[in-house]
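Mapped onto the working numbering, the consecutive letters of the sequence shown carry residue numbers 27 to 205. Report on the structure given below.
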Amino acid sequence: TVTFDNNPYCPSIYQTVKHGEKAHRPTDPMTSSFVFDGWYKDVERTIPWNFDTPITEDTTIYGKWISREDYQKIVENAKFQVSNLRNNAVSEIESLNLEDGKKQDFIAEVDKARLEAFSLIENAEYTDKIQSIVVEADVKINNILQNAIAAVIKYTVSFNMNGHGTAPAAQTVNEGSKA
Numbered sequence: 027t028v029t030f031d032n033n034p035y036c037p038s039i040y041q042t043v044k045h046g047e048k049a050h051r052p053t054d055p056m057t058s059s060f061v062f063d064g065w066y067k068d069v070e071r072t073i074p075w076n077f078d079t080p081i082t083e084d085t086t087i088y089g090k091w092i093s094r095e096d097y098q099k100i101v102e103n104a105k106f107q108v109s110n111l112r113n114n115a116v117s118e119i120e121s122l123n124l125e126d127g128k129k130q131d132f133i134a135e136v137d138k139a140r141l142e143a144f145s146l147i148e149n150a151e152y153t154d155k156i157q158s159i160v161v162e163a164d165v166k167i168n169n170i171l172q173n174a175i176a177a178v179i180k181y182t183v184s185f186n187m188n189g190h191g192t193a194p195a196a197q198t199v200n201e202g203s204k205a
């Protein structure tokens, strides 16, 4: 028997599962005061339950609940983190010496990544997913920034000594930089 312990907010759910088979995720319970925040392996509710785990003995899976207020704080904090990632990337992109229109293109990509992250955060099932969305947004925005840095206008500087000695090797420099 698998017991889905929802206490104290909803009655427990019971499933009969054959030895070696997997429990089925029940429909998330709901209350008016709290947000259901996933199923966990441990009573402390720190290790998310993996529904691909075969059941080999009587098992209790614990439901995690947080107040609606705390859930909203987590959502707002995640959005704040993503906004900071966006603002820092845009600041760096604006400081780069890019061809006309390229800055706006890269900034538009960063803004799109921010909006996608906001949508995913708003629709995330559980709080542990929200933090992974922030991490994914960080990677995506950083990749856009790295692409912007790689697109900086570059020149190759060659040296001609007019037959007077050996010329230094050609150098690639960013526009506005010294060779």
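For glycine and all other residues, C-beta sits at the position ideal for the given N, C-alpha and C. Here the structure is a predicted model, which means the values were calculated and not measured.
What are the boundary residues of the beta strand (DSSP E) that includes residue i?
i, result
"Thr29", "Val28 to Asp31"
Would you mind reading off the limits of the alpha helix (DSSP H) that contains residue i?
i, result
"Val136", "Lys128 to Asn149"
"Leu171", "Thr153 to Ala176"
Give me the DSSP bridge partner(s) of residue i.
i, result
"Val183", "Gln197"
Between the options, which lies nearest to residue i when the distance is taken from Cα to Cα?
i, options, result
"Thr53", "Ser184, Ala163, Glu47 and Phe30", "Phe30"
"Tyr35", "Lys155, Asp137, Lys204 and Val61", "Val61"
"Phe106", "Gly89, Ser93 and Leu141", "Leu141"
"Ala104", "Ile73, Lys155 and Glu47", "Lys155"
"Tyr181", "Asn123, Glu95, Gln197 and Asn113", "Gln197"
"Thr57", "His45, Ser93, Ser121 and Ile73", "Ser93"
"Pro37", "Val165, Tyr88 and Asn173", "Tyr88"
"Gln157", "Ile167, Val101 and Ser121", "Val101"
"Gln98", "Thr153, His50, Ala193 and Gln130", "Thr153"
"Ile175", "Glu70, Ala115 and Pro80", "Ala115"
"Asn168", "Pro74, Asp137, Leu124 and Pro194", "Asp137"
"Lys48", "Thr82, Arg71, Gly64 and Pro74", "Thr82"
"Lys128", "Ile170, Val161, Gly189 and Val199", "Ile170"
Quick check on residue i: buried or exposed, where buried means 16 or more other Cβ atoms within 10 Å of its Cβ?
i, result
"Ile119", "buried"
"Phe77", "exposed"
"Glu135", "buried"
"Asn32", "buried"
"Phe185", "exposed"
"Lys90", "buried"
"Asp68", "exposed"
"Arg112", "buried"
Does the Cβ of residue i lie closer than 8 Å to at least one heavy atom of the ligand PLP?
i, result
"Lys90", "Judged by which ligands are present, the structure shown has none, so any question about the ligand PLP falls away."
Check whether chain B comes within 9 Å of residue i, counting only Cβ atoms and requiring the distance to be less than that.
i, result
"Val43", "This model lacks chain B altogether, as it is built from one protein chain only."
In chain order, which alpha helix (DSSP H) runs of at least 4 residues are fully inside the segment 37–106?
none
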